[in-house]
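UniProt numbering numbers the first residue of the sequence shown as 1 and each following residue consecutively. Positions of the beta carbon are idealized from the N, C-alpha and C atoms, including for glycine. Note that the structure is predicted; figures quoted are calculated from it, not measured.
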Amino acid sequence: MTTVFPSLVVIKGKTKEKGKRSKYLRSANKEENSENETNLYVKAEEVTNPMAKFELIMAKMSPDFVHIRCCYINKYLKVSMAGNIQAIAEKPIEDEGQSSTMFKILKSGKYFKIFHKSSNRFACFHESNGLLFGGADHTLEPDVFKILDWATFVIFPEIVCFSHENITNYLSYREDNKSYLMFVDGIDIADLTAGNKIFTWGDGYVRIMNLSSKKYWCRDSDDYIRANSEDRDGNDKNTLFLPFQFQTPKNTVALLNLGNKKFCKKESGYLRAQEPSMTDETKLLVSETVVSRKIEDIDFHTDDVRVLKQTNVADTLYLGAENRGSTDDSLEIKISYEKITSATFSTSNTLKFGGSATIGVTLIPELIAGTFKYSAELTGKLKWEDTEKSARTFQTGIPVGVPPKSRVTCSVPVHMGTCDVPYSYTRVDKLYDGEEKRVRMHDGIYTGVTTFHVDANYKIEKIPDEEL
1 MTTVFPSLVV IKGKTKEKGK RSKYLRSANK EENSENETNL YVKAEEVTNP MAKFELIMAK
61 MSPDFVHIRC CYINKYLKVS MAGNIQAIAE KPIEDEGQSS TMFKILKSGK YFKIFHKSSN
121 RFACFHESNG LLFGGADHTL EPDVFKILDW ATFVIFPEIV CFSHENITNY LSYREDNKSY
181 LMFVDGIDIA DLTAGNKIFT WGDGYVRIMN LSSKKYWCRD SDDYIRANSE DRDGNDKNTL
241 FLPFQFQTPK NTVALLNLGN KKFCKKESGY LRAQEPSMTD ETKLLVSETV VSRKIEDIDF
301 HTDDVRVLKQ TNVADTLYLG AENRGSTDDS LEIKISYEKI TSATFSTSNT LKFGGSATIG
361 VTLIPELIAG TFKYSAELTG KLKWEDTEKS ARTFQTGIPV GVPPKSRVTC SVPVHMGTCD
421 VPYSYTRVDK LYDGEEKRVR MHDGIYTGVT TFHVDANYKI EKIPDEEL
């Protein structure tokens, strides 16, 4: 029976070293780029690392094979002549040669092997440095992987508050009540008892540390949740929660406790893990605890751009000009077209708090006729997670040589180019305690849409004698 894989995945390597934690496949970081920017490593600590996101695309030649695209650098995996498996191909390649990007994912017990048929090599990685390479079957190095569905992960901001029915009854740590978490009306979002730091753990789980107690959430023997655990390694399953995101309302999650595999719900004003399924009672609204946010020092990775599409959206016809004389003439056709540009700055976070952050950027990339250029049209009014648009009408004259007793008709095709461009940036958060926190991030995705026209098409025809 053929295994059906999700489109977007994380690939987790299974280590052979006893006691060593397995890690996730990712693209090369800045330090590793000095060796070879196309190398891949089983070294990511967190499953939600944007560099660990891959896309599986079914091969046209056979549904048994897939192309594996590294989403962060927008390159396809292939086996190099040196035997390493690298994210180096610009597009899928389906042939029988070494350059083929087709892989077959084979079941191997509870795990999978990744096989490159053209080179007869299996994906393996070195325990010493995590480098991915193509090796023989049953190699001494690790060669089996776990395939995880990226779409199931909930990616939180770092510091959040939780509430149930509205944003005024925040879940708060009560030191005077045996460290229980209690929904308290009227508490300020800046109160440290309501603030929590989120840590990703394992294959999509989270650990939650209350900022006031500086201890982790933990299910007690009565299934109530208390912020009293000092287990920093995640050995206690009662400190682990698996988040699930609701479609509505916005930024709403349910938390499944791994200790008893029950969902947390509001009960008598407290948080208790006793619900067997996701219901309205298990909904927790997530709020980010920052006063304001600025995005600065944006560095677009235009070498890793993903062109989503270039499509013809319209053809504008112009009657053009007539030459009723007996000799060649040079005439000018007046044309106009509207250039529409839209820009969206976002991140890989699945919980969105857009609109409050301002973007500090002087130029944004545009895709025009397959070439990237930079524009300043929208840079003065961009907001985080919002899509900003502008429209400008351009007029120009096109000189055309027209034979005698002829007319020219002009057709101007209008195209639309859409692209995703990864970017790094500095996030500057102003916190409620007055602190300003600056963090360099690498999870940005810029989506740009631009309409443009290319060279006009001309049609020259003789003017009928009866019209002269």
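Bridge partner(s) assigned by DSSP for residue i
i: Ile-159; result: Lys-197
i: Ser-119; result: Looking at the DSSP assignment, Ser-119 forms no beta bridge with any residue, so it has no partner.
i: Asp-329; result: Val-402
i: Trp-217; result: Ala-227
i: Ile-445; result: Ser-346 and Pro-422
i: Asn-260; result: Answer is none; Asn-260 lacks a bridge partner.
i: Asn-210; result: Asn-196
i: Gly-397; result: Lys-334
i: Gln-245; result: Val-253
i: Phe-300; result: Tyr-423
i: Phe-145; result: Gly-13 and Phe-112
i: Ile-340; result: Ala-391
i: Thr-101; result: Thr-101 pairs with nothing; no bridge assigned.
i: Gly-135; result: Phe-122
i: Val-428; result: Lys-294 and Arg-438
i: Val-408; result: Ala-321 and Ile-460
Distance CB(residue i)-CB(residue j) smaller than 8 Å
i: His-126; j: Glu-141; result: yes
i: Arg-26; j: Lys-14; result: no
i: Leu-256; j: Asp-203; result: no
i: Arg-226; j: Ser-268; result: no
i: Lys-197; j: Val-290; result: no
i: Leu-284; j: Tyr-205; result: no
i: Tyr-270; j: Met-209; result: no
i: Tyr-76; j: Met-51; result: no
i: Gln-247; j: Val-253; result: no
i: Asn-457; j: Val-402; result: no
i: Val-154; j: Pro-243; result: yes
i: Thr-101; j: Ala-89; result: yes
i: Thr-3; j: Lys-146; result: no
i: Phe-241; j: Tyr-423; result: no
i: Arg-207; j: Thr-239; result: yes
i: Thr-447; j: Thr-344; result: yes
i: Gly-450; j: Thr-282; result: As written in the sequence, residue 450 is Thr, which differs from the Gly given in the question. Cβ atoms of Thr-450 and Thr-282: not closer than 8 Å.
i: Glu-436; j: Val-428; result: yes
Residue of the options minimising C-alpha distance to residue i
i: Ser-229; options: Trp-217, Asp-223 and Leu-240; result: Trp-217
i: Met-441; options: Gly-234, Lys-294 and Arg-392; result: Lys-294
i: Tyr-425; options: Asp-304, Gln-395 and Thr-347; result: Thr-347
i: Ile-359; options: Ala-123, Asp-297, Ser-119 and Leu-40; result: Asp-297
i: residue 532; options: Pro-92, Gln-245, Lys-117 and Asp-95; result: Only positions 1 to 468 of the chain appear in this structure, which leaves residue 532 out of reach.
i: Lys-266; options: Gly-397, Ile-364, Tyr-224 and Gly-444; result: Tyr-224
i: Ala-28; options: Asn-39, Lys-20 and Asn-49; result: Asn-39
i: Lys-339; options: Thr-393, Ala-321, Ser-287 and Glu-288; result: Thr-393
i: Val-9; options: Glu-17, Glu-37 and Asn-49; result: Asn-49
i: Arg-69; options: Thr-200, Ser-221 and Gln-86; result: Gln-86
i: His-138; options: Ser-128, Ala-123 and Lys-146; result: Ala-123
i: Ser-7; options: Phe-54, Thr-200 and Lys-16; result: Phe-54
i: Phe-162; options: Val-184, Trp-150 and Thr-152; result: Val-184
i: Glu-37; options: Asn-260, Asp-304, Ala-151 and Val-400; result: Asp-304
i: Glu-288; options: Ile-445, Phe-65, Ile-159 and Lys-12; result: Ile-159
i: Gly-186; options: Val-400, Pro-157 and Ser-172; result: Ser-172
i: Thr-279; options: Phe-263, Val-286, Ser-292 and Arg-272; result: Phe-263
i: Asp-64; options: Ile-105, Ile-93, Tyr-41 and Glu-46; result: Ile-105
i: Glu-94; options: Tyr-111, Asn-120 and Met-61; result: Met-61
i: Asp-329; options: Ser-292, Arg-407 and Ala-273; result: Arg-407
i: Lys-250; options: Ser-212, Val-286, Gly-19 and Thr-168; result: Val-286
i: Val-307; options: Asn-74, Ser-221, Glu-45 and Lys-78; result: Asn-74
i: Phe-115; options: Ile-364, Val-144, Ser-128 and Pro-92; result: Val-144
i: Ser-292; options: Lys-113, Tyr-432 and Tyr-24; result: Tyr-432
i: Val-421; options: Thr-302, Lys-20, Pro-404 and Asp-176; result: Thr-302
i: Ser-326; options: Ile-333, Ile-463 and Val-47; result: Ile-463
Inter-stretch contact (C-beta, 8 Å, three-pair minimum) for the segment 127-135 and the segment 399-415: Contact fails: fewer than three Cβ-Cβ distances are below 8 Å.
Would you list, in sequence order, the uninterrupted beta strand (DSSP E) runs of no fewer than 3 residues that lie entirely inside the segment 16-99? Segments of the beta strand (DSSP E) lying fully in the segment 16-99: 24-27, 40-44, 54-58, 66-70, 75-79 and 85-89.
Determine, using beta-carbon pairs with one atom in the segment 186-193 and one in the segment 228-242, whether at least three such pairs fall under 8 Å. No: the two stretches stay apart, fewer than three of their Cβ pairs being nearer than 8 Å.
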